[in-house]
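S.K.:
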Amino acid sequence: MHFNDYPCHSQEEDDQNGETHFHIAISCISQTLESQIINRSYDQVAICFFNTREKNNLQDLNSVFVFNVPEREFLDRPTARLIKEFYQLEESFSKIIGSQHGIVSGTRENSLYNAIWAAQALLRKGSAKTVDKRILLFTNDDDPFGSIKGAVKSDMTRMTLQRAKDAQDLGISIELLPLSHPDEVFNVSQFYADLIGLEGDDLVDFMPSAGKKYGILFMIFSDLIFPCY
Numbered sequence: 736m737h738f739n740d741y742p743c744h745s746q747e748e749d750d751q752n753g754e755t756h757f758h759i760a761i762s763c764i765s766q767t768l769e770s771q772i773i774n775r776s777y778d779q780v781a782i783c784f785f786n787t788r789e790k791n792n793l794q795d796l797n798s799v800f801v802f803n804v805p806e807r808e809f810l811d812r813p814t815a816r817l818i819k820e821f822y823q824l825e826e827s828f829s830k831i832i833g834s835q836h837g838i839v840s841g842t843r844e845n846s847l848y849n850a851i852w853a854a855q856a857l858l859r860k861g862s863a864k865t866v867d868k869r870i871l872l873f874t875n876d877d878d879p880f881g882s883i884k885g886a887v888k889s890d891m892t893r894m895t896l897q898r899a900k901d902a903q904d905l906g907i908s909i910e911l912l913p914l915s916h917p918d919e920v921f922n923v924s925q926f927y928a929d930l931i932g933l934e935g936d937d938l939v940d941f942m943p944s945a946g947k948k949y950g951i952l953f954m955i956f957s958d959l960i961f962p963c964y
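My numbering numbers the first residue of the sequence shown as 736 and each following residue consecutively.
1. For Glu820 and Val804, what's the separation of their Cα atoms in angstroms?
2. Cα separation between Gln823 and Lys830?
3. Would you call the segment 910 to 922 and the segment 883 to 893 in contact, with 3 or more CB pairs under 8 angstroms?
4. If you compare alpha carbons, which of Lys868, Leu912, Asp877 and Gln925 is closest to Ile759?
5. If the criterion is Cβ atoms closer than 9 angstroms, does the pair Ser846 and Ser882 meet it?
6. When we look at the beta-carbon of Ser827 and count the other beta-carbons within 10 Å, is it buried (16 or more) or exposed?
7. Cα-Cα, which of Lys868, Leu768 and Cys783 is closest to Gly906?
8. Return the chain-ordered ranges of every beta strand (DSSP E) run that is complete within the segment 861 to 915 and spans a minimum of 3 residues.
9. Could you tell me which of Arg788, Ser908 and Val780 sits nearest to Arg807, measuring between CA atoms?
10. If I measure Cβ to Cβ from Leu938 and keep anything under 6 angstroms in the same chain, skipping five residues before and after, which residues do I get?
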């Protein structure tokens with residue numbers, strides 16, 4: 736059984752085809768959830784946005800919104816109603832949830848730290864011996880603390896990496912699904928290589944360009960949800 740969570744950093748920037756990163760992430764997740772229902776998967780799923788104006792999570796953490804529908808737990812099998820309302824969320828996101836567009840300089844509010852914490856709490860359900868637990872992280876920001884300088888940046892970076900390590904020590908893997916423009920490179924070395932544990936050949940082989948094309952991204956995402964053995 737796979738437990739999956741989708742913290743998604745949402746900034747509405749168009750690619751060359753006029754699609755926003757947010758639309759690509761919504762479409763990718765929606766299609767995969769549909770596949771889970773069709774395949775009668777027993778996977779349990781939670782969908783978590785971070786860098787949000789509103790909050791909705793078990794710990795009442797700022798800037799983290801767990802999307803859900805009635806008659807369903809935060810972490811549960813996907814339902815037809817979840818998919819329908821999630822796919823329609825793109826039109827009402829700004830009104831219902833809203834984005835604060837990144838970690839704000841001059842504050843110690845760390846939405847990425849909070850998102851990993853919220854996801855970790857959800858994924859601690861079940862037996863670690865029998866459940867594969869994953870955080871699938873969509874983001875178009877390769878340097879989440881780029882606007883922060885000095886000791887504050889160092890502290891926030893250290894705390895976030897430690898929070899990720901704590902989750903990984905509990906058997907929760909973190910997979911990065913980067914989004915970038917065709918003329919830009921998602922520089923995983925800025926921050927996320929340390930968070931997901933990329934080094935050596937793994938770092939060299941990491942292909943951030945996969946996030947540029949929706950079709951390729953969907954294939955990668957589906958492989959993570961439905962691995963072949």
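Where a beta carbon is used, it is the ideal one built from N, C-alpha and C, also for glycine.
Only a predicted model underlies this, so the values are computations on that prediction, with no experimental measurement involved.
M.R.: On the basis of the data shown:
1. 8 angstroms
2. 13 angstroms
3. no
4. Leu912
5. no
6. exposed
7. Lys868
8. 867 to 874 and 907 to 913
9. Val780
10. Ala928
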